[in-house]
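To start, the structure under review is shown below, and the notes come after it.
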């Protein structure tokens, strides 16, 4: 700022008063201070699963700007500095403010009796406030009170006005532009409480490997999700998600040309795509809100355990089968989170704060029912298919996250264990959205209950390297001869963030799809291994291209069946 101003502040009370007045007058204008962006690497628990928190930043800023000058934000004249609740006699600027009020009478405050003197002041705001103060000086002169302002004061103020004339002109142009933009946004905005988050996936895919390769063709598939995120308090979120798509998984075929009853090789975009013919459906309707220290999750339809429970699988998991993580459903999250789904309630509660053995731990509990809307016999919220989850979460700093999970579930006749609450198993064949596992591990010919146990971990040894893995064990007790069985699954992955370019991810994952040995009525006792590699290339903030390969050994748990290799080029648009 010009040395003229600083010298005049020392010798002239009037100029001092005019300058200090700026901090009161300019407060009413939007603060244009620009702060340098701080780029911070997320912790392993944040990357593992980030809660879907609604941010109304743009709409809120527009509303705040559009309300500037209204009665709620307008300045009001005061006659005594004591009228400001946030100004104390011990404040360093108290005497200056008192002089402005009692000697010049040209200071304004907020209707709630605050001055807000600690807010940052930009050069543009100073220019705007100085211009407003000059109007008050002219008024004093016109009313024959010129003895309050000396000739030297006026000369200094005139030179300051000339010096800031360019800033004043620029400020007027910016304000006019902002007013026009705010008016347009207010006239066309969808809602003051809701924002739209969308994802569209285009995928070209094919499968190779003897009979399975011959039984399938190259496909071009799509899936679209439109999520309306509504917040009523700024801390809660209502998710209303519409989905449509035409994607379906490849049919695995044994060496005899017979289809294999298996969900191996299913990819994330092949789950939750409406009915498969691009018709639109509501595949998620959930509400999340804090109640005291706890976070509550309510699902009316389409609820999933991985909506509210940390899956500890950074870079592979993306927003419940989203299009920016792993290609396959198996690599994206532990199969234990795909047991059951639908409607219900869940709760996340921290067990401690700060230090101590429980300082970084929390407990998660949830209950989801697949037939909650059906009032029929053996259906409903408590008598139909359901899954109750309990999970203990623990983290060590921002490098290591651990979770121990237990799920108790019940499935009716013709159900599947890993169905996410939507699958059915009629005549021992898959239908619905069974996302992972072999038929031996999934199929429930008769009704039965299950107890599942799992552990998961995510470790970040450096800022750009993440290692994660899981193990799950499932004990199923059914009402039929072939319904008592045990199933296992395990997997581990390594992800390199910002590989080649910021935002890119190179991921490698290997494990065993859910499998079960020696089940009566089923053949095949080999472990179905799953190997996957993908590279997500970030074209822009909203577009990514992900080529990848999935290699399945012993499909259907039989080494006699030829391996299947799936190649995919996935393009994801987010908006």
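In our numbering, the protein residues as written are 5 to 579. Cβ atoms here follow ideal geometry from the backbone N, Cα and C, with glycine treated the same way. Please read these numbers as outputs of a predicted model, since none were measured by experiment.
Classification of residue i by the beta-carbon crowding that lies within 10 angstroms, buried from 16 upward
i, result
"residue 53", "For residue 53, the predicted model reports a pLDDT of 47, less than 50, meaning its position is unreliable and no value from the coordinates is stated."
"residue 474", "buried"
"residue 3", "No answer is possible for residue 3: the residues shown for the chain start at 5 and end at 579."
"residue 401", "exposed"
"residue 461", "buried"
"residue 166", "exposed"
"residue 89", "exposed"
"residue 37", "Reliability of the predicted coordinates at residue 37 is poor, the pLDDT of 35 falling under 50, and no value is obtained from them."
"residue 379", "exposed"
"residue 274", "buried"
"residue 181", "exposed"
"residue 617", "Nothing can be reported for residue 617, as the shown portion of the chain is limited to 5 through 579."
"residue 271", "buried"
"residue 342", "buried"
"residue 216", "buried"
Residue i (DSSP reduced to helix, strand or coil)
i, result
"residue 286", "strand"
"residue 146", "helix"
"residue 253", "coil"
"residue 334", "helix"
"residue 553", "strand"
"residue 227", "strand"
"residue 271", "strand"
"residue 94", "coil"
"residue 219", "coil"
"residue 298", "strand"
"residue 533", "strand"
"residue 46", "Reliability fails at residue 46, whose pLDDT of 47 lies under 50, so the model's placement of it is uncertain and the value that follows must be treated cautiously. Coil, per DSSP."
"residue 165", "helix"
"residue 233", "strand"
"residue 342", "helix"
"residue 616", "Because the chain is modelled from 5 through 579, residue 616 falls outside the range shown and cannot be assessed."
"residue 500", "strand"
"residue 176", "helix"
"residue 193", "coil"
"residue 507", "coil"
"residue 118", "coil"
"residue 243", "strand"
"residue 7", "Per-residue confidence for residue 7 stands at a pLDDT of 43, beneath the threshold of 50, marking its modelled position as unreliable; the derived number appears in the next sentence. If DSSP states are grouped into helix, strand and coil, residue 7 belongs with the helices."
"residue 445", "helix"
"residue 135", "helix"
"residue 540", "strand"
"residue 203", "strand"
"residue 403", "coil"
Cβ-Cβ distance between residue i and residue j below 8 Å
i, j, result
"residue 338", "residue 458", "yes"
"residue 449", "residue 416", "no"
"residue 536", "residue 331", "yes"
"residue 479", "residue 455", "yes"
"residue 471", "residue 498", "yes"
"residue 328", "residue 576", "yes"
"residue 528", "residue 562", "yes"
"residue 519", "residue 442", "yes"
"residue 373", "residue 388", "yes"
"residue 266", "residue 452", "no"
"residue 368", "residue 313", "yes"
Pick from the options that is closest to residue i, judged by C-alpha positions
i, options, result
"residue 247", "168, 196, 414 and 285", "285"
"residue 326", "212, 201 and 503", "201"
"residue 365", "407, 89, 469 and 529", "407"
"residue 96", "503, 122 and 143", "122"
"residue 525", "103, 562, 487 and 142", "487"
"residue 171", "519, 155 and 126", "126"
"residue 218", "93, 439, 207 and 263", "263"
"residue 102", "116, 115 and 87", "87"
"residue 348", "425, 517, 297 and 476", "425"
"residue 542", "559, 508 and 466", "508"
"residue 530", "516, 540, 539 and 538", "516"
"residue 463", "120, 503, 422 and 398", "398"
"residue 299", "370, 156, 476 and 260", "370"
"residue 405", "413, 396 and 412", "396"
"residue 157", "340, 141, 146 and 169", "141"
"residue 317", "410, 513, 189 and 381", "513"
"residue 352", "292, 305 and 376", "292"
"residue 306", "146, 251, 199 and 244", "244"
"residue 214", "258, 236, 249 and 237", "258"
"residue 134", "115, 489, 548 and 161", "161"
Heavy atom of the ligand NAD within 7 Å of residue i beta-carbon
i, result
"residue 555", "Within the structure as shown, the ligand NAD is missing, as the structure has no ligands at all."
Closer than 8 Å to chain D by CB, residue i
i, result
"residue 271", "Of the protein chains in the structure, only one exists, and it is not chain D."
Practice task
Examine the Cβ distances between the segment 219-229 and the segment 171-182 and report whether three or more of them are shorter than 8 Å.
Solution key: Three or more Cβ pairs closer than 8 Å define a contact, and the segment 219-229 falls short of that threshold against the segment 171-182.
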